[in-house]
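Per our numbering, numbering through the sequence shown is continuous, rising by one, with the last residue being 464. Cβ coordinates follow ideal geometry from the N, Cα and C atoms, glycine included.
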Amino acid sequence: MILPALTEAKSPYWRPIKYSLFPPLGLATLAAYCYEGDEIDLQDEHVEELYTDDVPDIVVIQVYITNAFRAYKLADEYRAKGSYVCLGGLHVTSLPHEAKVHADTIFLGPGEECWPRFLKDYRNGCAEKMYISQERTIENIPSVRRDLIKRNLYLVPNSIVVSRGCPHHCSFCYKDAFFEGGKSFYTQRVDAALSEIDRLPGRHLYFLDDHLLGNQRFSTDLFEGMKSMNRVFQGASTIDAILRGDLIEKAAEAGMRSVFVGFETLTNGNLVQSNKRQNIGRDYEEAIKRLHSLGIMINGSFVFGLDDDGKDVFKRTVDWAVKNGLTTCTFHVLTPYPGTKLFQQMEADGRILHRNWDLYDTRNVVYQTRSLSADELKKGYDWAYESFYSWSNILKASMQHDNMKHAVKHFTYAGGWKKFEPLWNFMIKTQGLNKMLPLLESVLSKVRNGNKAGTTISPFPAIA
Ligand code: SF4
Numbered sequence: 001m002i003l004p005a006l007t008e009a010k011s012p013y014w015r016p017i018k019y020s021l022f023p024p025l026g027l028a029t030l031a032a033y034c035y036e037g038d039e040i041d042l043q044d045e046h047v048e049e050l051y052t053d054d055v056p057d058i059v060v061i062q063v064y065i066t067n068a069f070r071a072y073k074l075a076d077e078y079r080a081k082g083s084y085v086c087l088g089g090l091h092v093t094s095l096p097h098e099a100k101v102h103a104d105t106i107f108l109g110p111g112e113e114c115w116p117r118f119l120k121d122y123r124n125g126c127a128e129k130m131y132i133s134q135e136r137t138i139e140n141i142p143s144v145r146r147d148l149i150k151r152n153l154y155l156v157p158n159s160i161v162v163s164r165g166c167p168h169h170c171s172f173c174y175k176d177a178f179f180e181g182g183k184s185f186y187t188q189r190v191d192a193a194l195s196e197i198d199r200l201p202g203r204h205l206y207f208l209d210d211h212l213l214g215n216q217r218f219s220t221d222l223f224e225g226m227k228s229m230n231r232v233f234q235g236a237s238t239i240d241a242i243l244r245g246d247l248i249e250k251a252a253e254a255g256m257r258s259v260f261v262g263f264e265t266l267t268n269g270n271l272v273q274s275n276k277r278q279n280i281g282r283d284y285e286e287a288i289k290r291l292h293s294l295g296i297m298i299n300g301s302f303v304f305g306l307d308d309d310g311k312d313v314f315k316r317t318v319d320w321a322v323k324n325g326l327t328t329c330t331f332h333v334l335t336p337y338p339g340t341k342l343f344q345q346m347e348a349d350g351r352i353l354h355r356n357w358d359l360y361d362t363r364n365v366v367y368q369t370r371s372l373s374a375d376e377l378k379k380g381y382d383w384a385y386e387s388f389y390s391w392s393n394i395l396k397a398s399m400q401h402d403n404m405k406h407a408v409k410h411f412t413y414a415g416g417w418k419k420f421e422p423l424w425n426f427m428i429k430t431q432g433l434n435k436m437l438p439l440l441e442s443v444l445s446k447v448r449n450g451n452k453a454g455t456t457i458s459p460f461p462a463i464a
């Protein structure tokens, strides 16, 4: 089972640490369906040199858009040697006709139901060319084969997914294309999710779910069950869910210490263009205050290049993020992924410039822009990263918190993440990344300020 490196791995933007965060959980999940006695080698090219001198019976490759060409090359080589090659993942589901040329079998959609169906057919000598996900459930799935994961190669070996998909329909997102033809948001059983959490060593967890707060009932029960588990965790949510009811307080009580939020844009017209309805009319700053009052750090995601973006968008966005004390930011150049509504629209309008998937990495401009030139967009994107992560802006953003411990955590987390590349590289080289976990856990420890969400916090209360 192979996760080939995204092409960024070979680009000047390559930050080894960024690709040494999470193990390939999707493949480890599929591995759980293999039969007792099956010998499985799970390789992740982001953290290890691939061993390709073997000729296994079956080679399974997970394909994303920016590793597609690399995946096809590996697939062709293994097929030439006589292995049976299976390809699946987001890109294969979006462009099956492109992928099937390089595979014996391709998989469309999530694999939990069609992968075991394939395994049975393969053993009976009647495997098909294509399997399309039919039933959508992750209740009663076997436990992820975490024993195949080389934990010491990752900063966050305890990544976990307890749901699939998301209830929303943003036009630039893969989600609708991947889950087409069936349910597009469903969860594990709460007791199964809690048991999986319980089996993970240490305190830290990273939920890789698209929207951890997307199902009110499931998340409420999950957080209730986690309250006594003494965990610290990171996850993703929409603004909408942060502002609604008291789910975010429950998440904080259960150990949530940082959240990934798709703000995407500060312009209403852009939200409409991207069908980001869950953000329209929502008070971003209120959501931020609420998170900060709970001691939850924020990783904000922003997209540049939507049609209403003018030349001022980069500075306006960075200033806003700093003023509102966002801990980290992820910026993207708008990228129309094949299979998405955005791609269809842009293709219909003749705006797709080329199909060199290696450049569909959200760092390059691959479509005809409107209010900005491609050059302005690219330079503005680079500037935004540089500016947001300058020491002065890291300090300024840290000082936006009323609570000194939160300010220190913010400064340590953002500075540590972006400014200590040689240290990260050393830890990766010496295969000791997971030794950094206790440090991460202590940075993510609770800020005790005794304040409730929405109340004013007196400046610099006791430092816990
Ligand atoms: S909220 Fe996120 S995961 Fe859900 S559709 Fe929008 S971009 Fe995709």
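Query                                                                                                                                                                                   : Result
In the DSSP assignment, what are the bridge partners of SER387?                                                                                                                         : According to DSSP, SER387 bridges with nothing at all.
Please tell me whether ILE160 and LEU212 are closer than 8 Å, where the distance is taken between their beta carbons.                                                                   : no
In whole angstroms, give me the CA-to-CA distance for LEU30 and GLN400.                                                                                                                 : 44 Å
With C-beta atoms as the reference, is VAL303 less than 8 Å away from GLU264?                                                                                                           : yes
I want to check one thing, is the minimum distance from the CB of THR238 to the heavy atoms of the ligand SF4 below 7 Å?                                                                : yes
In whole angstroms, what is the alpha-carbon distance linking ASP76 and LEU27?                                                                                                          : 20 Å
State yes or no: is the C-beta of TYR284 within less than 8 Å of the C-beta of VAL333?                                                                                                  : no
Could you tell me whether any non-hydrogen atom of the ligand SF4 is closer than 7 Å to the CB of ASP210?                                                                               : yes
Could you say which of GLU49, ASP54, HIS46, VAL47 lies nearest to ILE40 if we only look at CA atoms?                                                                                    : ASP54
Between the Cα of VAL92 and the Cα atoms of SER301, GLY300, ALA177, THR238, which residue gives the shortest distance?                                                                  : ALA177
When you compare only the Cα positions, how much space is there between ILE149 and LYS409?                                                                                              : 30 Å
Excluding the 5 residues flanking ILE288 on each side, which residues of the same chain have their C-beta closer than 6 Å to its C-beta?                                                : ASN324
Can you tell me whether DSSP reads GLY165 as helix, strand or coil?                                                                                                                     : strand
With a floor of 4 residues, list each alpha helix (DSSP H) that falls wholly inside the stretch 245-304, ordered by position along the chain.                                           : 247-254, 268-273, 284-293
Would a C-beta distance cut-off of 8 Å place ASN215 and THR187 closer than the cut-off?                                                                                                 : yes
Are the beta-carbon atoms belonging to CYS126 and ALA103 less than 8 Å from one another?                                                                                                : no
Out of ASP358, THR335, PHE69, which has the shortest C-alpha to C-alpha gap to TYR174?                                                                                                  : THR335
Which residue comes first and which comes last in the alpha helix (DSSP H) that contains VAL85?                                                                                         : Not the alpha helix (DSSP H): VAL85 falls in the beta strand (DSSP E), residues 84-88.
Could you tell me whether the Cβ atoms of ASN158 and LEU90 are closer together than 8 Å?                                                                                                : no
Using DSSP with H/G/I as helix, E/B as strand and the rest coil, what is SER359?                                                                                                        : Correcting the residue identity first, residue 359 is Leu in this sequence and not Ser. Looking at LEU359 - three-state DSSP - the assignment turns out to be helix.
Please work out which residues of its chain come closer than 8 Å, Cβ to Cβ, to ASP221, disregarding the five sequence neighbours upstream and downstream, and give them in chain order. : VAL190
Does DSSP classify ARG15 as helix, strand or coil?                                                                                                                                      : coil
Among residues of its own chain, excluding the 5 on either side of VAL144, which ones have a beta-carbon nearer than 7 Å to its beta-carbon?                                            : LEU25, ALA28, THR29, ALA32
I want to check one thing, is the minimum distance from the CB of GLY37 to the heavy atoms of the ligand SF4 below 7 Å?                                                                 : no
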